[in-house]
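Accompanying notes for the structure given below.
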């Protein structure tokens, strides 16, 4: 970032220093944007997922670690040597008896926090959900309980509350783009969809210690989002839909 926009403080200096970061939930819409951005910023990434060996192949240099956030034993050693953890894994719909909000959103967060503390991880970024503070649905209640676990863990934490996240692989914008691709060539060639805000940048900047206003303040102005900078532990609430992709273009 230009020096005029980003003073030489600890946050900015850290942007140029690579860290080892553990990512859970890296194969979803948000995770598939976060991991390339982490790599672009010269961080080392360890991906935790049930099929990590196969999942990590799409990103050369990413270290796979096979594990399941609902299985504490499978997480042993996952955070070893990592300075930060980005916890994206979660579900928005249940599929009992295994995939429940209690088992994944709450229990999974509790287990990854335990492993992070054991390994001495200092920075924990948790991707929650818009409405977690006031929503009364079982999903929102599970996210609220998970947030409380993060806040009580004794780590430097950042909680990100995005609304709907649009980008490659989502169930809304991707479907619209598929429909556009089926249009006649003259229409398709003139169609362009541009994302104003990059969700992955928000999550990536949150791994840094101290105030996180340098890059995100610019993004918030562009996207019309609410951002309140605070040192140490921070909660970011996004009051408009989040676009994961920097630019999605339909061409002939």
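Residue numbers (our numbering): 13 to 264.
Beta carbons: idealized from backbone N, C-alpha and C, even for Gly.
This one's a predicted model, so the numbers in the text were calculated from it and none came from an experiment.
Check	Outcome
CB residue 98 to CB residue 33, shorter than 8 Å?	yes
How close, in whole Å, do the beta carbons of residue 65 and residue 48 come, if the pair is a contact with beta carbons under 8 Å?	Not quite, the Cβ-Cβ distance comes to about 19 Å (not below 8 Å), so this is no contact.
Could you work out which residue in 175, 134 and 83 is closest to residue 166 when comparing CA atoms only?	134
Got a sec, what are the start and stop residues for the alpha helix (DSSP H) residue 163 sits in?	150-163
Measuring CB to CB, does residue 144 end up less than 8 Å from residue 173?	yes
Measuring CB to CB, does residue 113 end up less than 8 Å from residue 154?	yes
Please decide whether residue 83 counts as near chain D, where near means a Cβ-Cβ distance under 8 Å.	This model lacks chain D altogether; it includes just one protein chain.
So, at 6 Å on beta carbons, what are the nonlocal neighbours of residue 80 in its own chain, with the 5 sequence-adjacent residues on each side left out?	62 and 86
Enumerate in chain order the residues of its own chain whose CB-to-CB distance from residue 136 is below 8 Å, with the five nearest sequence positions on each side excluded.	96, 97, 99, 125, 128, 162, 165, 167, 168, 169 and 170
Between which two residues does the beta strand (DSSP E) containing residue 33 stretch?	32-36
Which of the three DSSP states, helix, strand or coil, is assigned to residue 47?	helix
Among the candidates 68, 31, 55 and 51, whose CA atom is the shortest distance from the CA of residue 39?	68
So the alpha helix (DSSP H) residue 121 belongs to, where does it begin and stop?	119-131
Looking only at C-alpha atoms, which of 52, 58 and 159 sits nearest to residue 141?	159
From residue 110 to residue 54, what does the alpha carbon distance come to, in whole angstroms?	37 Å
Determine the DSSP secondary structure at residue 75, reduced to helix, strand or coil.	strand
Please classify residue 210: does DSSP put it in a helix, a strand, or coil?	A caution first: residue 210 carries a pLDDT of 44, below 50, which makes its placement in the model too unreliable to give a value.
Could you tell me which residues DSSP puts in a beta bridge with residue 107?	111
For residue 151, collect the residues of the same chain with a Cβ closer than 7 Å to its Cβ; drop the 5 residues on either side in sequence, then sort them by chain order.	104 and 113
With a Cβ-Cβ cutoff of 8 Å, do residue 35 and residue 51 count as a contact?	no
How many angstroms separate the CA atom of residue 138 from the CA atom of residue 156?	12 Å
Give every residue of the same chain whose Cβ lies closer than 6 Å to the Cβ of residue 131, excluding the five residues on either side of it in the sequence, and list them in chain order.	91 and 92
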